[in-house]
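Counting along the sequence shown from 1, when you hit position 309 you're at 312 in my numbering, and nothing is skipped either side.
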Amino acid sequence: MTKLGELLVRRGKLSPADLSRALEAQNHMPGERLGRILVRLGLCAEVDVAEALAEQLQVSLVRADRFPSAPPELGSLNPNFLHKHALLPLGDVSSDVLFVTSEPNSPLVQQALRLALHQEPQLALGLETEILATLEAWFQEENAEEPEADFQGAAESNRSNELIEHLKDLASEAPVIRWVNQIFAQAVEAGASDIHLEPFEDTFCVRARIDGVLQKIAEPPLELAAAIVSRVKLLAHLDIAERRLPQDGRMSQKIQGRRIDVRVSTVPTRHGESVVLRLLERDESLLQLEAQGFEPDILATVKALLTEPHGIFLLTGPTGSGKTTTLYAALRSLDTERLKILTVEDPVEYELPGVNQVQVQEAIGLTFASALRAFLRQDPDVIMVGEMRDAETAQIAVQAALTGHLVLSTLHTNTAAGAAVRLHDLGVERYLITSSVIGVLAQRLVRTLCARCKTPLPLAQAQEAERVLGESIPPGATLFAANGCPECRFTGYKGRIAIHELLTMTPAVKRVILAGGDSDEIDAAATSKRSLLQDGARKVFRGVTTVEEVLRVAHGED
């Protein structure tokens, strides 16, 4: 399809230089249509843009002389909806009425009319000014009969609208755009997983979570705080007028040649809106089981569990321990052509080819439990549940496992053994736990040593590390200490790797669960299981991380 700008240049209605100016303006106005920008900047007449757009979309252009003089019967359509979308029916709303709109290719308009008319709508192109003028004429008498408006409320509304327009203008100015681009670039370069924009009374602080630890990366001028937040909200298609309620959105940014998906969450605070941006890199190499830091024997067991025809495989750990990434890697290792795979997530973080992914929407009743119940009627082979949050979800997951499905999910417990206790707390009978659960993988993330500045530990410190870890250092192994250099922002660490603890349902473990044993008793029965601390020790002995880091992450669990 020929682009609108090229059509206008070809028709002699626009110069190439003016097109370049308009495209540059569009880069600073996310979501704004090129035709509207051309008219607003005075570079093109509205009718010229409309004629070119009609040619591009291959629809007819209907002018005001064909509009009805009086409002037709609207049926279930609301006049406010017509105004909002510059939409005008050319007759009584019936099975074959033609609608004129300034955006005939808008999916929202098409879907709304499809729902209202119960059939595919007929749409033609019209000039927005002519459509709005006609709608105003149609409904002006109705508006005139309304009670006198609350002038104080109208004044407040006008002031609010002026503030919103001012924020939009500020958010499109070069200094704000530069700050936002710089923040993204710094965070991505540092390998951050999250960006925090935090307004305080005297400062506007920007911090990034790098290798699991928050570090300040910028401090823009306080007077630009509202504009920077508005810029982020515009990019994420959030309502910048709403500053009293939390909002969630997402966007995609190309930063340093890499495509990054960004989840955006805003929360109103005393001094403005706090914004957190979760950075999700589209790097398929990260979604491989071999890239998750598994020791060879644990990797082999996990792969074997994923070939089971039915049962529940659980991942446990706190928020931010990499559970979701490992789940995605597990799904990617499966044969999507041969298997029917369904997931229900909140939110969907990565799109997986060949996998049917469902986003939870609590507002309309689409919960983990309701989606999981529907999945059982979809003839699935593998089901992934983002999180077992409640008793109903746990019960349905057990039912799915017992009826021939492989179920993957996460559970918030500190240890692998604690998963059985947690499931029982959610109302799952012990005999059902032993019949359905095939394995539980506990996971944590430890920071990896910076390759540039790490230094070998002296013999005395290595021997002390051996004592603390409770593991013998293999012959020839060298332990390292974290020093710090500009490459790692003087932390001594760069990147993270997972440590694991895998519990399989051996007969001894099942007997303890059936007898009502607690997590310590289950741990004691799993004699072949390696703890998080022991798995971390192996990575220390390979020179991947430090004793201090493993103890920080794993010692409290063991």
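C-beta: ideal position from N, C-alpha, C; glycine also.
Can you list, in chain order, the residues of its chain whose CB lies under 8 Å from that of residue i, leaving out five sequence neighbours each side?
i: Leu135; result: His86, Ala89
i: Gln125; result: Asp99, Val100, Leu101, Phe102
i: Ala469; result: It is Glu, not Ala, that sits at residue 469 in the sequence shown. These residues qualify, in order along the chain: Ser475, Ile476.
i: Gly546; result: Leu452, Lys457, Ala480, Thr481, Leu482, Phe483
i: Gln259; result: Ala188, Val191, Glu192
i: Thr104; result: His88, Ala89, Leu90, Leu91, Val112, Leu126, Ala127, Leu128, Gly129, Ile134
Going along the chain, which residues of its own chain have a beta-carbon closer than 6 Å to the beta-carbon of residue i, five neighbours each way excluded?
i: Leu77; result: Val96
i: Cys491; result: Cys453, Lys497
i: Phe378; result: Leu345, Ile386
i: His199; result: Arg210, Val279
i: Glu201; result: Cys208, Ser277
i: Leu290; result: Tyr331, Ala332, Arg335
i: Glu133; result: Ala67
Quick check on the burial criterion: 16 or more other C-beta atoms within 10 angstroms. Buried or exposed for residue i?
i: Asp538; result: buried
i: Ser531; result: exposed
i: Thr121; result: First, the amino acid is wrong: residue 121 is His here, not Thr. The residue is exposed, with fewer than 16 neighbouring Cβ atoms inside 10 Å.
i: Thr310; result: exposed
i: Glu552; result: buried
i: Gln218; result: exposed
i: Leu111; result: exposed
i: Arg447; result: buried
Quick check: what's the CA-CA separation for residue i versus residue j?
i: Asp393; j: Gln402; result: 15 Å
i: Val191; j: Leu116; result: 42 Å
i: Leu128; j: Asn108; result: 9 Å
i: Glu9; j: Glu390; result: 49 Å
i: Gly442; j: Thr328; result: 18 Å
i: Val179; j: Ser18; result: 30 Å
i: Val440; j: Asp338; result: 22 Å
i: Cys488; j: Thr549; result: 16 Å
i: Ile231; j: Asp349; result: 27 Å
i: Leu80; j: Glu226; result: 44 Å
i: Gly325; j: Ala501; result: 8 Å
i: Met4; j: Val449; result: 50 Å
i: Leu429; j: Ala397; result: 7 Å
i: Pro13; j: Leu409; result: One point to set straight first is that residue 13 is Arg, not Pro, in the sequence displayed. Computed Cα separation, rounded: 58 Å.
i: Asp523; j: Ala420; result: 8 Å
i: Ile315; j: Glu284; result: 28 Å
i: Lys6; j: Leu93; result: 29 Å
i: Glu27; j: Met254; result: 20 Å
i: Asn30; j: Ser196; result: 26 Å
i: Ile186; j: Ala25; result: 26 Å
i: Ile213; j: Asp264; result: 17 Å
i: Ala374; j: Glu395; result: 11 Å
i: Asp384; j: Arg262; result: 32 Å
i: Ala307; j: Gly473; result: 29 Å
Over what stretch of residues does the beta strand (DSSP E) that includes residue i continue unbroken?
i: Ile500; result: 496 to 507
i: Gly442; result: 440 to 452
i: Glu276; result: 275 to 284
i: Leu217; result: 216 to 221
i: Leu536; result: Run containing Leu536: none in the beta strand (DSSP E); it sits in the alpha helix (DSSP H), 535 to 544.
i: Asn83; result: No beta strand (DSSP E) holds Asn83; the alpha helix (DSSP H) holding it covers 82 to 87.
i: Leu93; result: Taken as a continuous stretch (DSSP letters only), Leu93 belongs to no beta strand (DSSP E), as it is neither H nor E.
Excluding the 5 residues flanking residue i on each side, which residues of the same chain have their C-beta closer than 7 Å to its C-beta?
i: Ala222; result: At residue 222 the sequence reads Glu, which differs from the Ala that was named. Around Glu222: Thr206, Phe207, Cys208, Val209.
i: Thr437; result: Met508, Lys513, Ile516, Leu517
i: Gly252; result: Ala239, His240, Leu241, Val267
i: Glu352; result: Leu283, Thr327
i: His2; result: No statement about residue 2 is possible, as the shown extent of the chain runs from 4 to 561 and does not include it.
i: Ala422; result: Leu317, Thr319, Leu414, Thr416, Val443
Just to confirm the assignment, what range does the alpha helix (DSSP H) spanning residue i have?
i: Leu38; result: It is worth fixing the name first, because residue 38 is Gly in this sequence and not Leu. It spans 37 to 43 - the alpha helix (DSSP H) in which Gly38 sits, taken as one unbroken run.
i: Leu308; result: 299 to 309
i: Ser373; result: 371 to 378
i: Arg69; result: That residue, Arg69, is in no alpha helix (DSSP H); it is neither H nor E in DSSP.
i: Lys236; result: 228 to 238
i: Val515; result: 510 to 517
i: Gly187; result: Looking at the sequence itself, residue 187 is Phe, so the reference to Gly does not match. Note, Phe187: alpha helix (DSSP H), 177 to 192.
i: Gln464; result: 462 to 472
i: Asn30; result: 19 to 30
i: Leu111; result: 110 to 120
i: Ala333; result: 326 to 335
So, does the CB of residue i fall closer than 8 Å to a CB anywhere in chain B?
i: Pro71; result: Absence of chain B from the displayed structure is noted, only one protein chain being present.
Considering only DSSP beta bridges, list what residue i is partnered with.
i: Val531; result: With the sequence shown as reference, residue 531 is identified as Ser, and Val is not the correct amino acid for it. The partner list for Ser531 (beta bridge, DSSP) is empty, contrary to what the question assumes.
i: Leu200; result: Val209, Val278
i: Glu348; result: Gln362
i: Met4; result: DSSP, once it has assigned bridges, lists no residue as partnering Met4.
i: Ala195; result: Ile213
i: Phe102; result: Pro92, Leu126
i: Ser268; result: Asp251, Val279
i: Pro459; result: Phe483
i: Val410; result: Ile315, Ile386
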